[in-house]
Amino acid sequence: MMALKRDLKFWALYFTGISSIIGSGWLFAPFYTAQIAGPLSAVSWLIGGVIMLIIAMNFAEVATMFPVAGGLVQTVQLSFGAAPGFILGWISWLSFVMIPAIETQAALQYSQYFFPHLVVVGSGGSQLTGLGYAWALVFLLVFFVCNSYGIRLVSKLNNVLAMWKIIIPLLTIIMLFITRLHWQNFHLAPQSLHQMTHTVLSGISLGGVVFSLVGFRSIVELSGEARQPQKTVPLALILTILSCTLLYLLLQVAFIGALNPQDIAAGWANLNFAHDSSPLLALVSTLGLIWLVGILYLDAVASPSGTGLITSASTARIVYGMAEQGYLPVKLKRLNQYQVPILALEGLAL
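Heads up: the sequence shown runs through residues 0 to 349, numbered per numbering that gives the first Met the number 0.
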(Lines of atoms letter the chains of each structure in order from A; the text may use other names.)
(Lines give C-alpha, C1' and ligand atoms only; values in the text may rest on other atoms or scores of the structure.)
Protein backbone atom coordinates (compact mmCIF):
# COMPACT_ATOMS: atom_id res chain seq x y z
CA MET A 0 0.00 0.00 0.00
CA MET A 1 1.37 3.44 -0.94
CA ALA A 2 2.24 5.85 1.84
CA LEU A 3 2.64 9.60 1.94
CA LYS A 4 6.02 10.69 0.66
CA ARG A 5 8.38 12.53 3.01
CA ASP A 6 9.49 15.27 0.61
CA LEU A 7 9.30 18.34 2.84
CA LYS A 8 12.64 19.68 4.05
CA PHE A 9 13.10 22.40 6.66
CA TRP A 10 12.77 25.37 4.31
CA ALA A 11 9.63 23.94 2.74
CA LEU A 12 8.06 23.61 6.21
CA TYR A 13 9.21 27.09 7.20
CA PHE A 14 7.74 28.71 4.09
CA THR A 15 4.56 26.68 4.61
CA GLY A 16 4.13 28.37 7.98
CA ILE A 17 4.97 31.79 6.53
CA SER A 18 2.44 31.37 3.73
CA SER A 19 -0.29 30.25 6.15
CA ILE A 20 0.27 33.11 8.60
CA ILE A 21 0.78 36.00 6.17
CA GLY A 22 -2.36 36.25 4.06
CA SER A 23 -4.52 39.23 3.16
CA GLY A 24 -5.01 39.83 6.90
CA TRP A 25 -1.69 41.67 7.22
CA LEU A 26 -3.34 44.62 5.48
CA PHE A 27 -5.90 44.85 8.30
CA ALA A 28 -4.33 43.52 11.52
CA PRO A 29 -2.27 46.65 12.39
CA PHE A 30 -5.38 48.82 12.03
CA TYR A 31 -7.70 46.71 14.18
CA THR A 32 -5.05 46.17 16.86
CA ALA A 33 -4.29 49.91 16.95
CA GLN A 34 -8.01 50.71 17.28
CA ILE A 35 -8.20 48.55 20.39
CA ALA A 36 -4.80 48.94 22.04
CA GLY A 37 -3.31 52.10 20.54
CA PRO A 38 0.46 52.34 21.20
CA LEU A 39 0.18 49.28 23.45
CA SER A 40 -0.64 47.19 20.37
CA ALA A 41 3.10 46.53 20.02
CA VAL A 42 2.98 44.86 23.44
CA SER A 43 -0.02 42.84 22.26
CA TRP A 44 2.05 41.43 19.41
CA LEU A 45 4.96 40.58 21.70
CA ILE A 46 2.79 38.78 24.25
CA GLY A 47 0.69 37.13 21.53
CA GLY A 48 3.84 35.84 19.85
CA VAL A 49 5.10 34.33 23.11
CA ILE A 50 1.73 32.68 23.78
CA MET A 51 1.56 31.19 20.30
CA LEU A 52 5.15 29.97 20.62
CA ILE A 53 4.29 28.13 23.84
CA ILE A 54 1.25 26.57 22.18
CA ALA A 55 3.30 25.63 19.12
CA MET A 56 5.87 23.86 21.31
CA ASN A 57 3.13 21.59 22.60
CA PHE A 58 2.19 20.76 19.02
CA ALA A 59 5.86 20.26 18.16
CA GLU A 60 6.43 17.78 20.98
CA VAL A 61 3.52 15.60 19.91
CA ALA A 62 4.21 16.02 16.18
CA THR A 63 7.79 14.81 16.61
CA MET A 64 6.61 11.75 18.54
CA PHE A 65 3.86 11.02 16.00
CA PRO A 66 4.80 12.67 12.67
CA VAL A 67 1.58 11.73 10.87
CA ALA A 68 -0.62 13.35 8.25
CA GLY A 69 -3.47 15.36 9.67
CA GLY A 70 -1.41 16.39 12.68
CA LEU A 71 -3.86 17.34 15.39
CA VAL A 72 -6.51 14.85 14.28
CA GLN A 73 -4.35 11.78 14.75
CA THR A 74 -2.20 12.95 17.66
CA VAL A 75 -5.21 13.77 19.84
CA GLN A 76 -6.62 10.32 19.09
CA LEU A 77 -3.31 8.71 20.02
CA SER A 78 -2.85 10.85 23.14
CA PHE A 79 -6.33 11.12 24.64
CA GLY A 80 -8.54 8.55 22.95
CA ALA A 81 -11.40 8.38 20.48
CA ALA A 82 -13.88 10.91 21.91
CA PRO A 83 -11.49 13.93 22.09
CA GLY A 84 -9.94 12.87 18.78
CA PHE A 85 -13.33 12.78 17.07
CA ILE A 86 -14.33 16.22 18.40
CA LEU A 87 -10.98 17.89 17.65
CA GLY A 88 -10.85 16.22 14.24
CA TRP A 89 -14.09 17.79 13.10
CA ILE A 90 -13.18 21.13 14.67
CA SER A 91 -9.87 21.06 12.77
CA TRP A 92 -11.62 20.26 9.52
CA LEU A 93 -14.18 23.02 9.99
CA SER A 94 -11.46 25.54 10.82
CA PHE A 95 -9.59 24.77 7.59
CA VAL A 96 -12.13 23.74 4.97
CA MET A 97 -13.51 27.22 4.23
CA ILE A 98 -10.15 28.99 4.10
CA PRO A 99 -9.36 28.29 0.40
CA ALA A 100 -12.75 29.72 -0.62
CA ILE A 101 -12.41 32.71 1.73
CA GLU A 102 -8.90 33.51 0.49
CA THR A 103 -10.05 33.15 -3.11
CA GLN A 104 -12.84 35.65 -2.54
CA ALA A 105 -10.40 38.04 -0.85
CA ALA A 106 -7.98 37.76 -3.78
CA LEU A 107 -10.72 38.46 -6.32
CA GLN A 108 -12.14 41.39 -4.38
CA TYR A 109 -8.72 43.04 -4.30
CA SER A 110 -8.22 42.26 -7.98
CA GLN A 111 -10.93 44.81 -8.79
CA TYR A 112 -8.09 47.36 -8.74
CA PHE A 113 -6.89 45.70 -11.98
CA PHE A 114 -10.12 44.07 -13.24
CA PRO A 115 -13.17 46.02 -12.02
CA HIS A 116 -15.66 43.72 -13.79
CA LEU A 117 -14.99 40.91 -11.29
CA VAL A 118 -16.62 42.75 -8.39
CA VAL A 119 -19.66 44.94 -7.92
CA VAL A 120 -19.89 47.29 -4.96
CA GLY A 121 -23.35 47.78 -3.46
CA SER A 122 -24.93 48.88 -0.21
CA GLY A 123 -24.11 45.50 1.33
CA GLY A 124 -20.44 45.72 0.39
CA SER A 125 -18.41 44.12 -2.38
CA GLN A 126 -19.87 41.09 -4.16
CA LEU A 127 -18.46 38.91 -6.91
CA THR A 128 -20.10 39.20 -10.30
CA GLY A 129 -20.90 36.18 -12.47
CA LEU A 130 -17.47 36.55 -14.07
CA GLY A 131 -15.97 36.83 -10.59
CA TYR A 132 -17.54 33.52 -9.52
CA ALA A 133 -16.20 31.91 -12.68
CA TRP A 134 -12.70 33.06 -11.79
CA ALA A 135 -13.20 31.85 -8.22
CA LEU A 136 -13.85 28.39 -9.66
CA VAL A 137 -10.66 28.71 -11.72
CA PHE A 138 -8.66 29.59 -8.58
CA LEU A 139 -9.99 26.56 -6.68
CA LEU A 140 -9.31 24.28 -9.64
CA VAL A 141 -5.74 25.59 -9.83
CA PHE A 142 -5.30 24.78 -6.12
CA PHE A 143 -6.63 21.28 -6.82
CA VAL A 144 -4.46 20.62 -9.86
CA CYS A 145 -1.27 21.88 -8.20
CA ASN A 146 -1.93 19.79 -5.10
CA SER A 147 -2.78 16.70 -7.12
CA TYR A 148 0.77 16.60 -8.52
CA GLY A 149 2.33 16.15 -5.11
CA ILE A 150 3.54 18.06 -2.11
CA ARG A 151 6.93 18.71 -3.73
CA LEU A 152 5.36 20.84 -6.48
CA VAL A 153 3.17 22.65 -3.96
CA SER A 154 6.18 23.41 -1.76
CA LYS A 155 8.18 24.79 -4.71
CA LEU A 156 5.33 27.09 -5.75
CA ASN A 157 4.75 28.11 -2.15
CA ASN A 158 8.43 28.91 -1.56
CA VAL A 159 8.24 31.61 -4.24
CA LEU A 160 4.95 33.01 -2.93
CA ALA A 161 6.20 32.98 0.68
CA MET A 162 9.33 34.93 -0.23
CA TRP A 163 7.08 37.49 -1.93
CA LYS A 164 4.96 37.61 1.23
CA ILE A 165 8.03 38.48 3.29
CA ILE A 166 9.53 41.01 0.89
CA ILE A 167 6.41 43.15 0.32
CA PRO A 168 5.56 43.73 4.02
CA LEU A 169 9.25 44.53 4.67
CA LEU A 170 9.21 47.01 1.78
CA THR A 171 6.05 48.59 3.21
CA ILE A 172 7.60 48.87 6.68
CA ILE A 173 10.72 50.54 5.30
CA MET A 174 8.73 53.02 3.21
CA LEU A 175 6.46 53.94 6.14
CA PHE A 176 9.47 54.55 8.38
CA ILE A 177 11.22 56.63 5.72
CA THR A 178 8.19 58.67 4.65
CA ARG A 179 6.63 59.63 7.97
CA LEU A 180 7.24 58.77 11.61
CA HIS A 181 5.38 60.71 14.31
CA TRP A 182 6.83 59.65 17.65
CA GLN A 183 4.09 61.56 19.48
CA ASN A 184 1.63 58.90 18.29
CA PHE A 185 3.24 56.53 20.79
CA HIS A 186 2.35 58.72 23.73
CA LEU A 187 0.32 56.84 26.33
CA ALA A 188 -2.65 58.51 28.00
CA PRO A 189 -2.69 58.16 31.81
CA GLN A 190 -4.38 54.89 32.77
CA SER A 191 -4.31 52.31 35.51
CA LEU A 192 -2.45 48.99 35.32
CA HIS A 193 -5.81 47.24 35.06
CA GLN A 194 -6.80 49.37 32.06
CA MET A 195 -3.47 48.76 30.35
CA THR A 196 -3.71 45.02 30.92
CA HIS A 197 -7.27 44.94 29.59
CA THR A 198 -6.23 46.93 26.52
CA VAL A 199 -3.26 44.70 25.72
CA LEU A 200 -5.20 41.45 26.17
CA SER A 201 -8.11 42.77 24.11
CA GLY A 202 -5.67 43.60 21.33
CA ILE A 203 -4.45 39.99 21.39
CA SER A 204 -7.88 38.38 21.28
CA LEU A 205 -9.92 40.91 19.28
CA GLY A 206 -7.34 42.84 17.27
CA GLY A 207 -6.23 40.00 15.04
CA VAL A 208 -3.03 38.91 16.82
CA VAL A 209 -4.15 35.34 17.50
CA PHE A 210 -5.98 35.08 14.17
CA SER A 211 -2.85 36.22 12.32
CA LEU A 212 -0.39 33.89 14.03
CA VAL A 213 -2.45 30.71 14.33
CA GLY A 214 -1.57 29.62 10.78
CA PHE A 215 1.51 27.80 12.12
CA ARG A 216 -0.70 24.72 12.36
CA SER A 217 -0.18 23.95 8.68
CA ILE A 218 3.33 22.78 9.59
CA VAL A 219 1.84 20.27 12.02
CA GLU A 220 -0.78 19.07 9.56
CA LEU A 221 1.94 18.35 6.98
CA SER A 222 4.39 16.77 9.44
CA GLY A 223 3.55 13.33 8.02
CA GLU A 224 5.43 14.37 4.87
CA ALA A 225 8.40 16.03 6.58
CA ARG A 226 11.95 14.74 6.36
CA GLN A 227 13.59 14.25 9.76
CA PRO A 228 10.46 15.58 11.52
CA GLN A 229 12.10 15.35 14.95
CA LYS A 230 14.41 18.19 13.87
CA THR A 231 12.66 20.06 11.10
CA VAL A 232 9.15 20.41 12.58
CA PRO A 233 10.12 22.10 15.91
CA LEU A 234 12.70 24.32 14.21
CA ALA A 235 10.24 25.38 11.49
CA LEU A 236 7.56 26.14 14.09
CA ILE A 237 9.88 28.24 16.25
CA LEU A 238 11.38 30.26 13.41
CA THR A 239 8.04 30.77 11.69
CA ILE A 240 6.40 32.26 14.78
CA LEU A 241 9.45 34.36 15.69
CA SER A 242 9.77 35.69 12.12
CA CYS A 243 6.09 36.52 11.73
CA THR A 244 5.81 38.07 15.20
CA LEU A 245 8.77 40.34 14.44
CA LEU A 246 7.33 41.23 11.03
CA TYR A 247 3.90 42.11 12.46
CA LEU A 248 5.51 44.01 15.35
CA LEU A 249 7.55 46.19 12.97
CA LEU A 250 4.50 46.68 10.76
CA GLN A 251 2.44 47.77 13.78
CA VAL A 252 5.06 50.31 14.86
CA ALA A 253 5.40 51.64 11.31
CA PHE A 254 1.61 51.91 10.94
CA ILE A 255 1.18 53.84 14.19
CA GLY A 256 4.12 56.12 13.46
CA ALA A 257 2.88 56.93 9.96
CA LEU A 258 -0.57 58.03 11.10
CA ASN A 259 -1.45 61.70 10.95
CA PRO A 260 -1.87 62.83 14.58
CA GLN A 261 -5.22 64.36 13.57
CA ASP A 262 -6.49 60.85 12.73
CA ILE A 263 -6.22 59.85 16.39
CA ALA A 264 -7.19 63.18 17.96
CA ALA A 265 -10.63 61.78 18.87
CA GLY A 266 -9.10 58.63 20.37
CA TRP A 267 -7.79 55.37 18.99
CA ALA A 268 -11.22 53.75 18.99
CA ASN A 269 -12.38 56.39 16.48
CA LEU A 270 -9.50 55.77 14.07
CA ASN A 271 -11.09 55.15 10.69
CA PHE A 272 -10.34 55.07 6.98
CA ALA A 273 -13.71 55.35 5.29
CA HIS A 274 -14.49 54.05 1.82
CA ASP A 275 -11.32 52.02 1.37
CA SER A 276 -10.82 48.28 1.04
CA SER A 277 -7.83 48.29 3.37
CA PRO A 278 -6.73 50.77 6.08
CA LEU A 279 -3.07 50.11 5.30
CA LEU A 280 -3.65 50.80 1.60
CA ALA A 281 -5.48 54.00 2.54
CA LEU A 282 -2.57 55.09 4.75
CA VAL A 283 -0.04 54.40 2.00
CA SER A 284 -2.19 56.42 -0.43
CA THR A 285 -2.30 59.43 1.92
CA LEU A 286 1.51 59.37 2.02
CA GLY A 287 1.64 59.74 -1.77
CA LEU A 288 3.23 56.34 -2.33
CA ILE A 289 1.07 55.55 -5.34
CA TRP A 290 3.60 53.13 -6.83
CA LEU A 291 3.46 51.13 -3.60
CA VAL A 292 -0.35 51.03 -3.70
CA GLY A 293 -0.25 49.04 -6.95
CA ILE A 294 2.28 46.61 -5.47
CA LEU A 295 0.14 46.16 -2.37
CA TYR A 296 -2.93 45.42 -4.46
CA LEU A 297 -0.90 42.84 -6.37
CA ASP A 298 0.22 41.36 -3.06
CA ALA A 299 -3.39 41.33 -1.87
CA VAL A 300 -4.12 38.98 -4.77
CA ALA A 301 -0.96 36.86 -4.46
CA SER A 302 -0.91 36.44 -0.66
CA PRO A 303 -4.40 34.94 -0.29
CA SER A 304 -3.68 32.70 -3.26
CA GLY A 305 -0.61 31.30 -1.51
CA THR A 306 -2.59 30.75 1.67
CA GLY A 307 -5.36 29.02 -0.29
CA LEU A 308 -2.83 26.73 -1.97
CA ILE A 309 -1.27 25.62 1.33
CA THR A 310 -4.53 25.27 3.28
CA SER A 311 -5.91 23.11 0.47
CA ALA A 312 -3.00 20.75 1.07
CA SER A 313 -3.46 20.91 4.85
CA THR A 314 -7.21 20.28 4.66
CA ALA A 315 -6.71 17.22 2.45
CA ARG A 316 -4.30 15.82 5.06
CA ILE A 317 -6.82 16.47 7.83
CA VAL A 318 -9.39 14.45 5.89
CA TYR A 319 -6.75 11.74 5.35
CA GLY A 320 -6.05 11.67 9.10
CA MET A 321 -9.76 11.47 9.93
CA ALA A 322 -10.12 8.52 7.54
CA GLU A 323 -7.03 6.93 9.12
CA GLN A 324 -8.70 7.08 12.53
CA GLY A 325 -12.08 5.86 11.25
CA TYR A 326 -13.99 9.14 11.50
CA LEU A 327 -14.56 9.17 7.73
CA PRO A 328 -14.81 6.42 5.07
CA VAL A 329 -11.50 4.62 4.60
CA LYS A 330 -11.59 5.20 0.83
CA LEU A 331 -10.70 8.85 1.50
CA LYS A 332 -7.19 7.60 2.32
CA ARG A 333 -6.65 6.58 -1.29
CA LEU A 334 -3.48 8.06 -2.79
CA ASN A 335 -2.73 8.80 -6.42
CA GLN A 336 0.60 8.09 -8.13
CA TYR A 337 2.06 11.25 -6.56
CA GLN A 338 1.22 10.06 -3.01
CA VAL A 339 -1.57 12.64 -2.62
CA PRO A 340 -4.90 11.81 -0.92
CA ILE A 341 -6.76 12.56 -4.12
CA LEU A 342 -10.32 11.81 -2.99
CA ALA A 343 -9.91 14.08 0.02
CA LEU A 344 -8.57 16.76 -2.32
CA GLU A 345 -11.43 16.28 -4.78
CA GLY A 346 -13.97 16.70 -1.99
CA LEU A 347 -12.33 19.99 -1.03
CA ALA A 348 -12.36 21.25 -4.62
CA LEU A 349 -16.04 20.43 -4.94
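Just so you know, even glycine gets a beta-carbon here, dropped at the ideal spot from N, CA and C.
Would you report the Cα separation of Phe113 and Gly129, rounded to the nearest angstrom?
-> A straight-line Cα-Cα distance of about 17 Å links Phe113 and Gly129.
Other residues of its chain near Met56: CB distance less than 7 Å, five sequence neighbours each side excluded = Counting only Cβ-Cβ distances below 7 Å, and skipping sequence neighbours, we find nothing.
How is Val67 classed by DSSP in three states: helix, strand or coil?
-> Here Val67 sits in coil by DSSP.
Using DSSP bridges, identify the partner residues of Val120.
-> BP columns for Val120 point to Ser125.
Nearest-angstrom beta carbon gap, Val96 and Leu107 [assumed within contact, 8 Å] = Not really, about 19 Å apart at Cβ, beyond 8 Å.
Would you tell me roughly how many angstroms separate the C-alpha atoms of Ala59 and Ala235, rounded to the nearest one?
-> 9 Å
On the premise that Leu241 lies in contact with Pro29, defined as a C-beta separation below 8 Å, what is that separation, rounded to the nearest angstrom?
-> The Cβ separation is near 19 Å, so there is no contact.
Would you kindly check if the distance between the Cβ of Ala312 and the Cβ of Val153 is under 8 Å?
-> yes
Take Ala33 as the anchor and find which of Gly149, Asn271, Ser284 has the nearest alpha-carbon.
-> Asn271
Environment of Val61 [buried if 16+ CB atoms lie within 10 Å] | buried
Which same chain residues, not among the five before or five after Leu212, have their C-beta less than 8 Å away from its C-beta?
-> Ile20, Gly47, Gly48, Met51, Ile240, Cys243, Thr244, Tyr247
In whole angstroms, what is the alpha-carbon distance linking Leu156 and Gln229?
-> 25 Å
Can you give me the Cβ contacts of Ile341 inside the same chain, cut-off strictly under 8 Å, excluding the 5 residues immediately before and after it?
-> Ser147, Arg333, Leu334, Asn335
Where Ala299 falls: helix, strand or coil (DSSP) | helix
Where does the unbroken alpha helix (DSSP H) through Lys155 begin, and where does it stop?
-> For Lys155, the enclosing alpha helix (DSSP H) begins and ends at 150-178.
According to DSSP, is Pro328 helix, strand or coil?
-> coil
Look at the Cβ atom of Pro115, then the Cβ atom of Gly307, and state whether they are nearer than 8 Å.
-> no
Based on the DSSP secondary-structure assignment, which residues constitute the bridge partners of Leu7?
-> Ala225
Count the other CB atoms within 10 Å of the CB of Lys330; is the residue buried (16 or more) or exposed (fewer)?
-> exposed
In this structure, does DSSP put Leu334 in helix, strand or coil?
-> DSSP places Leu334 in strand when its eight states are reduced to three.
Could you have a look at Trp182 and say whether DSSP puts it in helix, strand or coil?
-> Note: Trp182 maps to helix in three-state DSSP.
Determine contact between the region 257-268 and the region 71-86, defined as no fewer than three beta-carbon pairs at a distance below 8 Å.
-> no
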